[in-house]
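Take numbering that gives the first Met the number 0: the last position of the sequence shown gets the number 137, and nothing is skipped along the way.
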Amino acid sequence: MRRPLTIDHTVRVRLPGRPGSGPVPATLHYDGADPLAMRVAFPAEASLNGTEVTWVFARRLLDDGLRGPAGEGDVRIRPGGAGRTVLELCAPQGTALVELRREDLHRFLAATYTFVPEAAESSRIDVDAALAALLGPV
Numbered sequence: 000m001r002r003p004l005t006i007d008h009t010v011r012v013r014l015p016g017r018p019g020s021g022p023v024p025a026t027l028h029y030d031g032a033d034p035l036a037m038r039v040a041f042p043a044e045a046s047l048n049g050t051e052v053t054w055v056f057a058r059r060l061l062d063d064g065l066r067g068p069a070g071e072g073d074v075r076i077r078p079g080g081a082g083r084t085v086l087e088l089c090a091p092q093g094t095a096l097v098e099l100r101r102e103d104l105h106r107f108l109a110a111t112y113t114f115v116p117e118a119a120e121s122s123r124i125d126v127d128a129a130l131a132a133l134l135g136p137v
């Protein structure tokens, strides 16, 4: 069995919807054991309720969002101005806009594609484990 590869990349993000707040750290995370997804974790100081928040979405969505508006539903990504990319994250409590440096996202994606190319994603999915997690004990 392959050893799962994980990549963590810490970035500074801006929250334009929160006037007076400076940049905050966020962690981009990729796990080769879940090759289609990526995560972005925000620290407690960035959330309204004071707890760490993690969003999970398709790696392909991030890739598409670097070139043009992408996504429907809870996560939307689009190019922003001045070398930035905007993540729009929708939850029942409201919508958060997060700005990241486009260069940071390109670097992160390049690292993920180096270790798990898009063409190899399906060969890394453990279907049995995914079904077991989804269905639980039978």
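For each residue, glycine too, the CB sits at the ideal point set by N, CA and C. A quick note: this is a predicted structure, and the numbers were derived from the prediction, not measured.
Backbone CA spacing between Gln92 and Pro34 [nearest angstrom]: 29 Å
Length-filtered (4 minimum) alpha helix (DSSP H) runs lying within the stretch 47-119: 58-64 and 101-114
Collapsed DSSP secondary structure at Ala129 in the structure displayed: Interpretation of Ala129 is limited by its pLDDT of 49, a score under 50 that renders its predicted location unreliable; no figure is taken from the coordinates.
Spatial neighbours of Arg83 within its chain, please: CB distance less than 7 Å, with the 5 preceding and 5 following residues excluded, ordered by chain position. Glu98, Leu99, Arg100 and Arg101
In or out: Val74 buried (at least 16 other Cβ within 10 Å) or exposed? buried
Any contact of the stretch 15-22 with the stretch 110-119, i.e. 3+ C-beta pairs under 8 Å? no
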